[in-house]
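Each protein sequence line maps, in turn, to chains H and X.
Residue numbers for the first sequence, in numbering that gives the first Met the number 0: 0 to 435.
Residue numbers for the second sequence, in numbering that gives the first Met the number 0: 0 to 137.
All C-beta atoms, glycine included, are put in the ideal place defined by N, C-alpha and C.
Right, one structure below, let's go through it.
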Amino acid sequence: MGEARLRQYLNGVSVADINAASASWQRATTTLSTVAQALEKHAPNVKDQFADAETGNRATEAFQKAAKNLRDRISDLNKGSGALGDAATAITTAQSDLDGLPVAAPPGPKPEPPIHTNDWDPPMNMAMVKWQSRKAAYDHNPAVRDAQADAAADDLDRKLSDAADVMKGIHGDVATSQPTTSGSGGGGGTTTPAFNYTGTSSGTYTAPHQSTASSAHTQAPTYTTSDHTATHQTTTQHHSTSQPHDTTTSPDYTYDDGTLADSYTAPSSTATPATTTSATPAATPGTPTFGGLGGLGRAGGAAVAGGLGAAGLAAAAKAGMLGGAGSGAVTQPSMATAATTTSRAMATRPLGSTMRTGGQAVTGRSATSARTGTTAGRTGSTAGRTGSTTGRTGARSGGTHGSRGKDDKKRKREWGSYDDGSDWLDDEDAAPGVLS
Amino acid sequence: MLPEGTGGGTTAVPDDLITQLTKLLGEDAGNISKTLGDLKKVPGSHFGGSATGASLAHHTDLAHEFVVNALRDVVTGLNNYEAGFAAYRKGMHDVQSGFVDATQKASVDLEAGANCMTPPQVGAPTTCTAVPSDKDGA
């Protein structure tokens with residue numbers, strides 16, 4: 000993931016343009032310095048050229064003020080030029096780091112274990128040791144590559160952040176010192192600049208206008224929720240080392256306890272939400288959880304609800320599986336609650352009401368829980384229906400699987416009977432020559 | 000050297016320096032204007048696809064805007080100085096009625112120029128305004 004992150008960081012960079020800007024800012028200082036020097040030179044004398052002292056003094060002050068202003072701008076341009084140069088250098092270094100990453104795996108195919116002959120055979124043991132060593136090297140290499148890429152990305156992050164701080168110091172305007180965010184509630188809000196990052200454990204950033212294979216998330220407005228602790232348990236596991244270093248954006252990502260929400264889904268996204276991790280936690284009795292992003296509730300319908308519906312209903316489907324061929328004999332209220340809560344809450348309202356909503360959906364039958372989830376999904380959105388479909392499919396497949404398991408068992412039993420019953424006949428057929 | 004008397008009589012002030020300064024101010028303003036045109040911006044995407052890259056692009060843009068606005072004001076301010084100097088020089092030669100008026104106008108123009116030497120915040124309106132210039136009639 001570190002490599003993907005680093006590649007994303009370097010996506011679209013133009014060191015030449017940054018350097019050109021740096022040089023132009025530096026050149027400007029030369030001209031300004033010449034003008035400032037001229038003003039400073041004449042400032043003391045200019046007052047003598049006016050008949051009245053007041054106007055003369057005003058002229059001197061005017062020259063001095065202009066010279067000081069120019070000196071300040073020269074300082075700004077010097078700092079800015081330096082910051083741009085540093086940024087260009089940092090990017091170049093990161094590019095070199097990327098190019099210099101160790102190869103993903105040693106040349107050749109993945110080491111195969113030696114053919115097993117005898118555990119007590121010394122040559123065999125030696126071969127095993129060698130294989131284990133080679134395999135360890137093979138497995139270790141990608142990890143090293145990833146760690147180095149991560150370190151390079153972190154370094155680039157720090158340096159670009161430092162450069163941004165310099166720029167902030169130049170314009171010095173607090174009010175506009177962070178990208179403006181618009182939009183809220185039902186999603187569709189845009190952020191300028193809209194840097195997105197996926198809600199996977201990698202935390203990979205994506206460029207503003209790039210489509211992503213996984214769910215692309217944009218900034219959401221700050222929200223509060225009374226039961227975000229449950230959400231946090233799920234979402235914090237996605238937090239990665241690639242949190243935006245620009246702390247100016249953090250308020251938009253934080254819960255009311257200051258923790259970062261890890262991901263957001265833009266309603267317009269056609270990508271599949273990365274919410275698969277929620278299925279397992281949702282199956283934990285008594286622990287309602289939310290499918291990653293869904294905790295934010297900001298994006299409302301669309302993909303988030305769909306993802307959550309799928310995740311939650313997967314748990315309900317699992318309950319169906321536990322009950323055999325969809326008989327629904329097993330009662331899993333907590334799981335049903337989790338599934339229903341997730342779908343309904345995400346489809347209709349923010350997180351705050353999830354517990355209450357979930358309470359309504361406790362059922363005694365797993366099949367019902369799946370249907371309840373389905374209804375909730377329909378209430379929400381198209382994506383919610385998708386999630387419901389998944390749930391139904393899951394339930395159906397669970398039932399099918401149960402049936403198949405039963406059939407397999409039956410078949411196995413029947414086959415075993417057949418085998419037992421005709422064993423002597425087989426033996427006779429297999430070796431007629433021996434008997435004869 | 001100060002003029003002999005104010006508001007009347009002859010003036011013995013050599014206007015060499017005033018002329019030089021007026022010319023200098025005009026040239027300075029022109030040079031800065033040219034510099035402004037050369038001050039390059041960096042497209043946001045050229046800082047890469049990271050959040051910090053986007054942040055840097057954003058703040059670089061603001062810094063560029065701030066410096067450019069400040070220097071534009073400097074140009075206006077220097078032009079105001081130039082206008083004041085030109086008016087004063089013209090008034091010195093019009094000793095019958097123009098000297099006092101020229102001094103007053105020079106004073107006003109210099110103040111207007113000085114108002115342009117405090118850079119405005121990004122997004123805030125500037126207090127810098129250009130004054131009518133008499134330099135062409137000098």
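Rounded to whole angstroms, what's the CA-CA distance from residue i to residue j? Just pull it up for me.
| i | j | result |
| --- | --- | --- |
| leucine 97 of chain H | glutamine 7 of chain H | 11 Å |
| methionine 91 of chain X | glutamate 39 of chain H | 25 Å |
| glycine 171 of chain H | leucine 23 of chain X | 31 Å |
| glycine 48 of chain X | proline 141 of chain H | 23 Å |
| lysine 64 of chain H | alanine 113 of chain X | 7 Å |
| threonine 102 of chain X | alanine 58 of chain H | 11 Å |
| asparagine 18 of chain H | threonine 54 of chain H | 45 Å |
| alanine 152 of chain H | valine 165 of chain H | 20 Å |
| leucine 69 of chain H | valine 41 of chain X | 23 Å |
| valine 14 of chain H | histidine 45 of chain X | 7 Å |
| aspartate 15 of chain X | glutamine 48 of chain H | 10 Å |
| glycine 168 of chain H | alanine 111 of chain X | 28 Å |
| lysine 109 of chain H | leucine 5 of chain H | 26 Å |
| aspartate 16 of chain H | aspartate 72 of chain X | 27 Å |
| isoleucine 438 of chain H | valine 102 of chain H | Lying before the first or after the last residue shown, residue 438 of chain H is absent from chain H, which here runs from 0 to 435. |
| alanine 61 of chain H | histidine 58 of chain X | 31 Å |
| alanine 52 of chain H | threonine 128 of chain X | 25 Å |
| alanine 135 of chain H | methionine 0 of chain H | 20 Å |
| valine 436 of chain H | tyrosine 137 of chain H | In the structure as shown, chain H begins at 0 and stops at 435. Residue 436 of chain H is therefore absent and cannot be evaluated. |
In the DSSP assignment, find the alpha helix (DSSP H) that holds residue i and state where it starts and stops.
| i | result |
| --- | --- |
| isoleucine 90 of chain H | 52-98 |
| isoleucine 31 of chain X | 15-37 |
| threonine 33 of chain H | 14-45 |
| alanine 56 of chain X | 50-92 |
| leucine 5 of chain H | 1-8 |
Excluding the 5 residues preceding and the 5 following residue i in the sequence, name in chain order all residues of the same chain whose CB lies nearer than 7 Å to its CB.
| i | result |
| --- | --- |
| glutamate 2 of chain H | Leu100, Arg144, Asp145 and Ala148 |
| isoleucine 17 of chain X | Phe84, Tyr87 and Arg88 |
| glutamate 64 of chain X | Val121 |
| asparagine 56 of chain H | Lys46 |
| proline 122 of chain H | none |
| lysine 104 of chain X | Gly83 and Ala86 |
Who are the near neighbours of residue i in its chain, counting only those whose CB is closer than 6 Å to its CB and skipping five residues on each side?
| i | result |
| --- | --- |
| serine 21 of chain H | Ser80, Leu83 and Gly84 |
| asparagine 436 of chain H | The shown model of chain H, from 0 to 435, leaves out residue 436 of chain H, and the question about it has no answer. |
| glutamine 25 of chain H | Ser80 |
| proline 112 of chain H | Trp130 |
| threonine 21 of chain X | Glu81, Phe84 and Ala85 |
| serine 32 of chain X | Val74 |
| leucine 70 of chain X | Ile31 and Leu35 |
| methionine 116 of chain X | Gly76 |
| proline 43 of chain H | none |
| serine 132 of chain X | Ala82 |
| valine 107 of chain X | none |
| alanine 150 of chain H | none |
| proline 124 of chain H | Note that residue 124 of chain H corresponds to asparagine in the displayed sequence, not to proline. Hits under 6 Å: none found. |
| alanine 126 of chain H | Pro113 |
| glycine 25 of chain X | Glu81 |
Tell me, to the nearest whole angstrom, how far the beta carbon of residue i is from that of residue j; I am working on the premise that it is less than 8 Å.
| i | j | result |
| --- | --- | --- |
| serine 54 of chain X | alanine 86 of chain H | With 8 Å as the limit, serine 54 of chain X and alanine 86 of chain H do not qualify as a contact, their Cβ atoms being about 11 Å apart. |
| alanine 35 of chain H | leucine 38 of chain X | Not a contact, Cβ separation roughly 16 Å. |
| asparagine 30 of chain X | threonine 30 of chain H | 5 Å |
| aspartate 27 of chain X | alanine 66 of chain H | Rounded, the Cβ-Cβ distance is 10 Å, inconsistent with contact. |
| glycine 76 of chain X | alanine 56 of chain X | Rounded, the Cβ-Cβ distance is 30 Å, inconsistent with contact. |
| serine 23 of chain H | isoleucine 73 of chain H | Contact flag wrong, Cβ pair sits at about 14 Å. |
| valine 66 of chain X | aspartate 75 of chain H | 5 Å |
Got a sec? Which residues, its chain only, sit under 8 Å from residue i by beta carbon, not counting five neighbours each side?
| i | result |
| --- | --- |
| leucine 61 of chain X | Val121 |
| alanine 89 of chain H | Asp154, Leu155, Lys158, Leu159 and Ala162 |
| asparagine 68 of chain X | Pro118, Pro119, Val121 and Thr125 |
| leucine 109 of chain X | Asn79, Tyr80 and Gly83 |
| valine 12 of chain H | Ile90 and Gln94 |
field: Residues of the segment 44-62 of chain H with Cβ closer than 8 Å to any Cβ of chain X, in chain order
entry: Asn44, Val45, Asp47, Gln48, Phe49, Ala50, Asp51, Glu53, Thr54, Arg57, Ala58, Glu60, Ala61 and Phe62
- request: Check distances from the C-beta atoms of the segment 33-45 of chain X to those of chain H and list, in chain order, the residues that come in under 9 Å.
  value: Under the 9 Å Cβ criterion, the segment 33-45 of chain X contributes Lys33, Thr34, Leu35, Asp37, Leu38, Lys39, Lys40, Val41, Pro42, Gly43, Ser44 and His45.
- prompt: Looking at chain H, which residues of the segment 119-131 of chain X have a Cβ within less than 7 Å of any of its Cβ atoms?
  reply: Gln120, Val121 and Gly122
- request: Can you give me, in chain order, the residues of the segment 136-150 of chain H that have a beta carbon less than 9 Å from any beta carbon in chain X?
  value: none
query: Using Cβ-Cβ distances below 7 Å, what residues of the segment 15-26 of chain H are close to chain X?
result: Asp16, Ile17, Ala19, Ala20, Ser23, Trp24 and Arg26
Selection of the segment 96-112 of chain X by Cβ proximity to chain H, strictly under 8 Å: Listed by position, the residues of the segment 96-112 of chain X near chain H (Cβ gap below 8 Å) are Phe98, Thr102, Ala105, Ser106, Leu109, Glu110 and Gly112.
Residues of the segment 57-68 of chain X with Cβ closer than 9 Å to any Cβ of chain H, in chain order: His57, His58, Thr59, Asp60, Leu61, Ala62, His63, Glu64, Phe65 and Val66
task: Give, in chain order, every residue of the segment 66-87 of chain X whose Cβ lies closer than 9 Å to some Cβ of chain H.
output: For the segment 66-87 of chain X, residues whose beta-carbon sits nearer than 9 Å to a beta-carbon of chain H comprise Val66, Ala69, Leu70, Asp72, Val73, Gly76, Leu77, Asn79, Tyr80, Gly83, Phe84 and Tyr87.
- request: With 7 Å as the C-beta to C-beta threshold (strictly closer), list the residues of the segment 1-15 of chain H near chain X in chain order.
  value: Hits within the stretch, in order: Gln7, Tyr8, Leu9, Asn10, Gly11, Val12 and Ser13.
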